[in-house]
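Asker: Quick note on numbering: the numbering used here labels position 7 of the sequence shown as 959, and the sequence is numbered without any gaps.
Beta carbons are placed, not taken as given, at the ideal position from N, Cα and C, and that holds for glycine.
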Amino acid sequence: MISVRGLTKRYGSTAAVEDLSFDVAPGAVTGFLGPNGSGKSTTMRMIMGLDAPDAGQALVNGRPYAELAWPLREVGALLEARTYHPGRSASRHLRALAAGGGIPGARVDEVLRTVGLSEVAHRRAGTFSLGMAQRLGIAGALLGDPGVLLFDEPVNGLDPEGVRWIRDLMKGLAAEGRTVLVSSHLISEMALTADHLVVIGQGRLLADTSVAELTADGASLEEAFFRLTSGSATYRGTAGPSAAAPHAAAPSDTSPTATSHRSTR
Ligand SMILES: Nc1ncnc2c1ncn2[C@@H]1O[C@H](COP(=O)(O)OP(=O)(O)OP(=O)(O)O)[C@@H](O)[C@H]1O
953 MISVRGLTKR YGSTAAVEDL SFDVAPGAVT GFLGPNGSGK STTMRMIMGL DAPDAGQALV
1013 NGRPYAELAW PLREVGALLE ARTYHPGRSA SRHLRALAAG GGIPGARVDE VLRTVGLSEV
1073 AHRRAGTFSL GMAQRLGIAG ALLGDPGVLL FDEPVNGLDP EGVRWIRDLM KGLAAEGRTV
1133 LVSSHLISEM ALTADHLVVI GQGRLLADTS VAELTADGAS LEEAFFRLTS GSATYRGTAG
1193 PSAAAPHAAA PSDTSPTATS HRSTR
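Here it is as structure tokens:
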């Protein structure tokens, strides 16, 4: 179980997360959605004790991360791929993690099998592709067999087989009764994976609802997402190549129609 209560984090004048409250329940995959820069990674970092909140709390099983007796056994996370020493093999990297977390070394071979990296276990992890690095990160998250799992953009850089594998893995973890929070920009993927959604914009809660409820009026999840976040995208591109290329001599560059597509922010 994850509980976020009044969580707030500011970087200078930027409010990355603002008075955010939600719970993530066990036994379901909860998708964590929001436009770029809306505060998803910052929230996950605070849940994992990597950033300190300016106000509020992020609790795992009722406690802040720093107060967990055996953190790796309670919560595992893939926050960024490639958080290992490139000269170390996958196996050595995981053995070091296991030793630090009081986890038996035999567990390393199990998680390597789970993520499909057994055959490259002794290769330097620095030579891994992005997809392999994601798998190694997931192996690290699973190492302590924790009941709570966080994945920040886990399908980034994965091929279709990898995407499907992660989807099945997350569903399987939830079916075992674990708490699974996963952020993604891929709405279509979330439609296939998540049971529940927490949607944020500019650090604030926009929706905390089931996928079924959000799409009950017949809208696709993508439409529902755009409707929710239309006022809170921080970064927006322009409408097309003519707007993006100021040197292009297209007449529409200066037409009112072209400028009307431009973001005001
Ligand atoms: N270490 C930091 N220093 C300064 N500003 C930061 C820092 N980390 C995050 N921010 C700012 O906080 C805001 C939220 O960022 P965050 O990375 O949490 O968003 P996100 O929803 O994960 O974005 P994305 O979907 O693009 O990964 C952004 O405005 C970002 O620039």
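Look up isoleucine 1055 in the DSSP assignment and say whether it is helix, strand or coil.
Answerer: By 1-based counting over the sequence shown, the position of residue 1055 is 103. Residue state, collapsed to three classes: coil.
Asker: Among the residues of its own chain, which have a CB less than 6 angstroms from the CB of threonine 1167, if the five just before and after it don't count?
Answerer: Position 215 of the sequence shown, counting from 1, holds the residue named residue 1167. Hits under 6 angstroms: Leu1173, Ala1176.
Asker: Can you tell which of Arg1044, Ile1055, Ile999, Ile1090 has its C-alpha closest to the C-alpha of threonine 960?
Answerer: Locating residue 960 in the sequence shown gives position 8, counting from the first residue. Residue Ile999 is the option with its Cα nearest to threonine 960.
Asker: Flag this pair as yes or no: are the beta carbons of leucine 1095 and glycine 1028 separated by less than 8 angstroms?
Answerer: What you label residue 1095 is simply residue 143 of the sequence shown in a count that begins at 1. What you label residue 1028 is simply residue 76 of the sequence shown in a count that begins at 1. Against a cut-off of 8 angstroms, the Cβ pair of glycine 1028 and leucine 1095 comes out as a contact.
Asker: Would you say serine 993 touches ligand 1, meaning its beta carbon is less than 7 angstroms from a heavy atom?
Answerer: Start at 1 with the first residue of the sequence shown, and residue 993 comes out as number 41. Flag set: Cβ of serine 993 near ligand 1.
Asker: Valine 1072 bridges to which residues according to DSSP?
Answerer: If you number the sequence shown from 1, residue 1072 lands on position 120. Looking at the DSSP assignment, valine 1072 forms no beta bridge with any residue, so it has no partner.
Asker: Since isoleucine 954 and threonine 1161 are thought to touch, with beta carbons under 8 angstroms apart, how far apart are those beta carbons, to the nearest angstrom?
Answerer: Here residue 954 corresponds to residue number 2 of the sequence shown, with the count starting at 1. Here residue 1161 corresponds to residue number 209 of the sequence shown, with the count starting at 1. Between isoleucine 954 and threonine 1161 the beta-carbon gap is near 17 angstroms, outside 8 angstroms, which marks them as no contact.
Asker: From what residue to what residue does the beta strand (DSSP E) around arginine 1025 run?
Answerer: Along the sequence shown, read from residue 1 onward, the residue named residue 1025 stands at position 73. Careful: arginine 1025 lies outside any beta strand (DSSP E), inside the alpha helix (DSSP H) at 1023-1026.
Asker: What first and last residue would you give for the alpha helix (DSSP H) that runs through serine 1140?
Answerer: Sequence index remark: in the sequence shown, residue 1140 carries index 188 (1-based). Run containing serine 1140: 1139-1145, per the alpha helix (DSSP H) assignment.
Asker: Any heavy atom of ligand 1 closer than 7 angstroms to the beta-carbon of alanine 968?
Answerer: The residue given as residue 968 occupies position 16 in the sequence shown. Alanine 968: yes, Cβ under 7 angstroms from ligand 1.
Asker: From the DSSP secondary-structure annotation, give me the bridge partner or partners of phenylalanine 1178.
Answerer: As a first step, residue 1178 is located in the sequence shown; it is residue number 226 there, counting from the start. BP columns for phenylalanine 1178 are empty, so no partner.
Asker: Quick one: give me the first and last residue of the alpha helix (DSSP H) that valine 1115 is part of.
Answerer: Along the sequence shown, one-based indexing puts residue 1115 at 163. Where valine 1115 is concerned, the enclosing alpha helix (DSSP H) stretches over 1112-1127.
Asker: Between the Cα of tyrosine 1017 and those of Leu1030, Ala1007, Asp1003, spot the shortest distance and give me the residue it belongs to.
Answerer: Residue mapping note: residue 1017 aligns to position 65 of the sequence shown, counting from 1. With distances taken between Cα atoms, tyrosine 1017 lies closest to Asp1003.
Asker: For the 8 angstroms Cβ check, are there 3 or more pairs between the stretch 1107-1122 and the stretch 1034-1045?
Answerer: Short answer: they don't touch.
Asker: Using 10 angstroms around the beta-carbon of histidine 1074, count the other beta-carbons present and answer buried if the total reaches 16, otherwise exposed.
Answerer: Position 122 of the sequence shown, counting from 1, holds the residue named residue 1074. The residue is exposed, with fewer than 16 neighbouring Cβ atoms inside 10 Å.
Asker: From which residue to which residue does the alpha helix (DSSP H) around serine 993 run?
Answerer: By 1-based counting over the sequence shown, the position of residue 993 is 41. Where serine 993 is concerned, the enclosing alpha helix (DSSP H) stretches over 992-999.
Asker: For the stretch 1031-1042 against the stretch 1076-1086, do three or more pairs of beta-carbon atoms, one drawn from each stretch, fall closer than 8 angstroms, so that the two count as touching?
Answerer: yes
Asker: Helix or strand or just coil, what does DSSP make of valine 956?
Answerer: Within the sequence shown, residue 956 is the residue found at index 4, counting from 1. Valine 956: strand per DSSP, three-state reduction.
Asker: Excluding sequence positions up to five away, which residues of its chain have a Cβ less than 7 angstroms from the Cβ of proline 1005?
Answerer: Position 53 of the sequence shown, counted from the first residue, corresponds to residue 1005. Within the same chain, Leu959, Thr960, Lys961, Met998 come within 7 angstroms of proline 1005 by CB-CB distance, once the 5 residues on both sides are set aside.
Asker: Quick one: is threonine 1128 buried, meaning 16 or more other Cβ sit within 10 Å of its Cβ, or exposed?
Answerer: For the purposes of this step, residue 1128 is taken as the residue at position 176 of the sequence shown. It is worth fixing the name first, because residue 1128 is glutamate in this sequence and not threonine. That one is exposed.
Asker: Could you give the residue range of the beta strand (DSSP E) that holds leucine 1149?
Answerer: In the sequence shown, the residue the question calls residue 1149 occupies position 197. Element bounds for leucine 1149: 1148-1153.
Asker: Just verifying my parser: in three-state terms, what is the DSSP assignment at leucine 1046?
Answerer: Here residue 1046 corresponds to residue number 94 of the sequence shown, with the count starting at 1. Note: leucine 1046 maps to helix in three-state DSSP.
Asker: Suppose you measure from the CA of glycine 979 to the CA of alanine 967; what does that come to, to the nearest Å?
Answerer: Position 27 of the sequence shown, counted from the first residue, corresponds to residue 979. Position 15 of the sequence shown, counted from the first residue, corresponds to residue 967. The straight-line gap from Cα to Cα measures roughly 32 angstroms.
Asker: Are there 16 or more other CB atoms within 10 angstroms of the CB of threonine 1145, so buried, or fewer, so exposed?
Answerer: Looking up residue 1145 in the sequence shown gives position 193. Buried, because 16 or more other Cβ atoms sit within 10 Å of the Cβ of threonine 1145.
Asker: Is threonine 988 near ligand 1 - that is, is its Cβ less than 7 angstroms away from at least one heavy atom of it?
Answerer: Walking along the sequence shown from the start, residue 988 turns up at place 36. Checking the sequence, you will find asparagine at residue 988 rather than threonine. Yes, the beta carbon of asparagine 988 sits closer than 7 angstroms to at least one heavy atom of ligand 1.
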